[in-house]
């Protein structure tokens with residue numbers, strides 16, 4: 001995340017705290033603290049809704065969209081936690097009869113709705129299509145919570161500076177929700193047509209040509225797309241496997257990892273598609289530097305687009321280490337061979353897991369020798385592979401500022417499966433202590 005974005009988030013909740021401190025003598029401190037937590041929840045939820053729009057300013061303020069989604073998740077978690085504290089601590093400072101009662105009802109409905117749907121969003125076992133629509137409903141409950149804030153009796157009026165400040169975030173959040181609901185991807189996409197579909201085992205390569213002006217994108221970025229074919233209209237993000245071309249054509253290589261992606265091979269030539277502009281900050285490293293590229297499976301796609309932008313006269317040497325199940329099922333080897341023939345500074349080495357070959361940090365250090373600590377590493381692949389690599393790199397004192405990667409999973413939970421496994425292990429470990437003596 002960009003420093004300016006972090007500063008903005010911290011300032012967004014410190015400002016009301018500083019203003020709120022002047023009301024210390026006018027109400028119970030517990031009630032004021034509860035109301036502050038309520039404001040923090042509204043501010044964070046407003047920001048969460050704005051981030052979901054993918055507007056231009058979002059990446060400029062907070063960083064690449066893959067990091068924005070991580071921030072989006074954690075801000076939502078903090079918002080729910082703040083709402084829980086607000087709900088748990090008595091916030092009554094004034095009372096005004098029926099209005100007070102209605103405001104409380106709206107607050108209860110908004111809080112419970114956000115809590116249930118928010119926690120449900122972390123359950124990664126929920127099918128994507130169900131998750132997507134229930135996730136959107138959070139905006140409705142946020143609007144109810146915002147109405148609760150505007151209506152509830154308080155030590156200040158919502159037209160006071162503090163009230164206007166929080167109301168601004170509420171308005172921005174509700175406006176963002178309405179924008180997403182009524183506009184969706186319309187007006188933010190370009191229309192393309194499926195020109196070619198090639199199937200390579202579990203990977204489907206889709207080539208599309210623009211109908212009119214193409215999207216703007218850089219090598220290594222991803223785009224959101226949906227197809228005008230039955231069962232394929234859901235919007236999903238995929239890395240663009242081709243560098244920008246004069247004719248505007250795009251290539252996507254999609255691995256069958258779920259219900260939706262398992263149907264991509266059914267796409268028909270001529271099918272229309274809606275594609276967003278390119279997002280993300282996984283852009284090529286300066287070509288005059290020696291560097292390491294590490295790919296796992298379909299994670300090779302951004303590196304294909306990176307390599308396509310090279311001219312062949314770059315001074316930096318590129319060492320691409322590619323982890324595959326086996327080379328016989330690798331659909332990208334022919335293209336990689338062609339790139340190696342054209343680019344004398346590109347060196348590709350395969351690691352086949354079926355043969356017991358794996359990429360790890362110690363091997364990288366052996367391969368690169370004394371230059372290991374000064375060579376930037378770019379990674380794209382499965383999360384488990386990335387985490388293992390990062391762990392080993394840190395153990396070898398590799399400067400992690402040189403390690404570049406993109407979040408491979410946009411939707412993630414809190415590790416409930418690991419938590420359950422840990423708790424089960426603890427139960428099994430201690431169960432013998434409570435067994436009756438024989």
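In our numbering, the protein residues as written are 1 to 438.
Positions of the beta carbon are idealized from the N, C-alpha and C atoms, including for glycine.
Alpha-carbon spacing of residue i relative to residue j, whole angstroms
i: residue 139; j: residue 406; result: 28 Å
i: residue 330; j: residue 356; result: 16 Å
i: residue 224; j: residue 218; result: 14 Å
i: residue 266; j: residue 273; result: 14 Å
i: residue 66; j: residue 53; result: 13 Å
i: residue 314; j: residue 204; result: 32 Å
i: residue 333; j: residue 189; result: 32 Å
i: residue 358; j: residue 146; result: 52 Å
i: residue 352; j: residue 312; result: 28 Å
i: residue 131; j: residue 120; result: 8 Å
i: residue 199; j: residue 291; result: 32 Å
i: residue 368; j: residue 392; result: 15 Å
i: residue 4; j: residue 162; result: 23 Å
i: residue 245; j: residue 165; result: 46 Å
i: residue 323; j: residue 236; result: 25 Å
i: residue 354; j: residue 125; result: 28 Å
i: residue 179; j: residue 43; result: 18 Å
i: residue 348; j: residue 61; result: 36 Å
i: residue 10; j: residue 382; result: 32 Å
Buried/exposed call for residue i, threshold 16 Cβ in 10 Å
i: residue 251; result: buried
i: residue 72; result: buried
i: residue 182; result: exposed
i: residue 286; result: exposed
i: residue 159; result: exposed
i: residue 384; result: exposed
i: residue 221; result: buried
i: residue 157; result: exposed
i: residue 268; result: exposed
i: residue 51; result: buried
i: residue 399; result: exposed
i: residue 362; result: exposed
i: residue 74; result: exposed
i: residue 374; result: exposed
i: residue 59; result: buried
i: residue 301; result: buried
i: residue 288; result: exposed
Close beta carbons around residue i, own chain, < 6 Å, minus the five adjacent residues each side
i: residue 370; result: none
i: residue 30; result: 89
i: residue 283; result: 218, 220
i: residue 103; result: 148, 151, 152
i: residue 141; result: 110, 113, 114
i: residue 209; result: 193, 195, 249
Assigned secondary structure, residue i (DSSP; H/G/I helix, E/B strand, else coil)
i: residue 373; result: helix
i: residue 78; result: helix
i: residue 320; result: strand
i: residue 379; result: strand
i: residue 123; result: coil
i: residue 340; result: helix
i: residue 509; result: Since the first and last residues shown for the chain are 1 and 438, residue 509 lies out of range.
i: residue 128; result: helix
i: residue 103; result: helix
i: residue 353; result: helix
i: residue 426; result: Low per-residue confidence applies at residue 426: pLDDT is 49, beneath 50, and the placement is therefore not dependable enough to give any value.
i: residue 193; result: strand
i: residue 305; result: helix
i: residue 273; result: strand
i: residue 89; result: coil
i: residue 291; result: strand
i: residue 2; result: coil
i: residue 505; result: This structure gives no information on residue 505, because the portion of the chain shown stretches from 1 to 438.
i: residue 111; result: helix
The ligand ATP heavy atom lying under 7 Å from the CB of residue i
i: residue 1; result: Of the ligands one can find in the structure shown there are none, so the ligand ATP has no counterpart to examine.
Nonlocal neighbours in the same chain, by C-beta distance under 7 Å from residue i, ignoring five residues either side
i: residue 307; result: 339, 343, 346
i: residue 305; result: 219, 220, 240, 241, 242, 243
i: residue 129; result: 234
i: residue 365; result: 372, 396
i: residue 7; result: none
Threshold first: 3 residues or longer. Then list the beta strand (DSSP E) segments lying entirely within the segment 213-264, N to C.
Whole beta strand (DSSP E) segments, 3+ residues: 222-227, 236-239, 250-255.
At which residue ranges does the segment 8-72 contain complete alpha helix (DSSP H) runs of 4 or more residues, listed in the order of the chain?
Unbroken alpha helix (DSSP H) runs of no fewer than 4 residues, entirely contained in the segment 8-72, are found at 29-51, 56-62, following chain order.
Ignoring anything shorter than 4 residues, give me the alpha helix (DSSP H) runs that lie fully in the segment 130-184, in order along the chain.
161-182
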